[in-house]
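Shown next, in structure tokens, is the structure this report addresses.
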Amino acid sequence: GAGVSQSPSNKVTEKGKDVELRCDPISGHTALYWYRQSLGQGLEFLIYFQGNSAPDKSGLPSDRFSAERTGGSVSTLTIQRTQQEDSAVYLCASSLGGMNTEAFFGQGTRLTVV
Amino acid sequence: GNSVTQMEGPVTLSEEAFLTINCTYTATGYPSLFWYVQYPGEGLQLLLKATKADDKGSNKGFEATYRKETTSFHLEKGSVQVSDSAVYFCALPVGYNFNKFYFGSGTKLNVKP
Chain U
1 GAGVSQSPSN KVTEKGKDVE LRCDPISGHT ALYWYRQSLG QGLEFLIYFQ
51 GNSAPDKSGL PSDRFSAERT GGSVSTLTIQ RTQQEDSAVY LCASSLGGMN
101 TEAFFGQGTR LTVV
Chain X
115 GNSVTQMEGP VTLSEEAFLT INCTYTATGY PSLFWYVQYP GEGLQLLLKA
165 TKADDKGSNK GFEATYRKET TSFHLEKGSV QVSDSAVYFC ALPVGYNFNK
215 FYFGSGTKLN VKP
């Protein structure tokens with residue numbers, strides 16, 4: 001597609017349930033990022049994939065969070081046993097992966113844990 | 115370590131007023147610097163970038179100059195419009211090849227007619 005696509009756009013889940021968020025990056029982009037944007041806050045880095053290298057998971061807030069990227073393209077962010085503090089907008093971005101290259105963002109998934 | 119500090123908002127201006135949004139950074143090496151904008155209901159998009167010291171990035175009437183001596187990258191516009199109302203984020207690429215972004219906390223700009 002023309003841009004980064006995320007699904008679903010909105011997700012309401014009950015506390016304790018698992019959720020999966022999907023990201024389709026721009027074709028040909030080797031780098032993929034997940035960020036979290038809480039209400040009124042900046043963007044919190046979660047995880048970064050670059051090609052076939054081991055992902056940089058340094059931003060994942062707990063072991064309830066995990067992400068994978070299959071075939072170097074689509075990525076899924078999984079949150080297990082969701083908590084209310086997980087409520088936020090989850091943003092995915094992709095880039096060509098070179099030094100100082102622009103990241104292109106999706107519209108995000110708004111997650112609400114009730 | 116690497117960090118980005120951005121002035122807090124919200125900033126409320128009248129149309130045609132002058133805008134400055136401050137951004138300072140701490141970085142290892144010589145990264146490029148970026149400003150991203152998030153219009154209401156939309157995703158983040160690149161506004162402008164500067165790749166080295168003393169470079170000026172510009173787009174849509176906005177400018178920012180990469181100041182190594184003051185470690186700053188302040189965003190300016192001489193005459194804002196209502197359509198500029200958005201949240202602005204300063205961003206710093208970090209990591210061994212400068213491709214992981216740290217973002218500032220964002221500054222919300224409200225422009226009134």
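Here the protein sequences line up with chains U and X, keeping their order.
Take this note's numbering: the last position of the first sequence gets the number 114, and nothing is skipped along the way.
Take this note's numbering: the last position of the second sequence gets the number 227, and nothing is skipped along the way.
Where is the CB? At the ideal position from N, CA and C, for every residue including glycine.
Here the structure is a predicted model, which is why all the values come from computation and not from measurement.
Neighbour-count burial assignment, residue i, 16 or more Cβ in a 10 Å radius
i	result
residue 198 of chain X	buried
residue 191 of chain X	buried
residue 86 of chain U	buried
residue 2 of chain U	exposed
residue 221 of chain X	buried
residue 147 of chain X	buried
residue 41 of chain U	exposed
residue 178 of chain X	buried
Start and end residues, beta strand (DSSP E) containing residue i
i	result
residue 24 of chain U	19 to 24
residue 140 of chain X	137 to 140
residue 207 of chain X	200 to 208
residue 189 of chain X	189 to 191
residue 118 of chain X	117 to 120
residue 81 of chain U	Unbroken run through residue 81 of chain U: none, as it is neither H nor E.
residue 214 of chain X	214 to 217
residue 93 of chain U	88 to 95
residue 14 of chain U	Where residue 14 of chain U is concerned, there is no enclosing beta strand (DSSP E), given that its DSSP letter is neither H nor E.
Euclidean distance between Cα positions of residue i and residue j
i	j	result
residue 28 of chain U	residue 96 of chain U	7 Å
residue 66 of chain U	residue 182 of chain X	37 Å
residue 80 of chain U	residue 203 of chain X	30 Å
residue 127 of chain X	residue 189 of chain X	15 Å
residue 151 of chain X	residue 68 of chain U	28 Å
residue 163 of chain X	residue 173 of chain X	9 Å
residue 5 of chain U	residue 137 of chain X	30 Å
residue 54 of chain U	residue 161 of chain X	30 Å
residue 35 of chain U	residue 45 of chain U	5 Å
residue 120 of chain U	residue 93 of chain U	An answer regarding residue 120 of chain U cannot be provided, because it is not within the stretch 1 to 114 covered by chain U.
Beta-bridge partners of residue i, as assigned by DSSP
i	result
residue 171 of chain X	X/178
residue 162 of chain X	X/149
residue 107 of chain U	None, per the DSSP bridge assignment.
residue 239 of chain X	Missing from the structure shown is residue 239 of chain X; chain X here goes from 115 to 227 and no further.
Note to self: Which residues of the stretch 67 to 100 of chain U have a Cβ closer than 8 Å to any Cβ of chain X? Give them in chain order.
What the structure shows: 91, 93, 95, 97, 98, 99, 100
Note to self: Short of 7 Å Cβ to Cβ, which residues in the stretch 115 to 128 of chain X face chain U?
What the structure shows: Hits within the stretch: zero.
Checklist line | the stretch 176 to 189 of chain X: positions lying closer than 8 Å to chain U by Cβ | finding: Shown here is that no member of the stretch 176 to 189 of chain X has a Cβ falling below 8 Å from a Cβ of chain U.
Notebook entry, point to check: Using a beta-carbon distance cut-off of less than 7 Å, what residues from the stretch 127 to 154 of chain X approach chain U?
Noted result: 145, 146
Checklist line | Contact residues within the stretch 33 to 57 of chain U, judged by C-beta distance below 8 Å to chain X | finding: 33, 35, 41, 42, 43, 45, 48, 50, 56
Notebook entry, point to check: Using a Cβ cut-off of 8 Å, which residues of the stretch 155 to 172 of chain X contact any Cβ in chain U, in chain order?
Noted result: 156, 157, 158, 159, 160, 163, 165
Margin query: Using a Cβ-Cβ cutoff of 7 Å, what residues of the stretch 102 to 114 of chain U are near chain X? List them in chain order.
Written below: 102, 103, 105, 106, 107, 108
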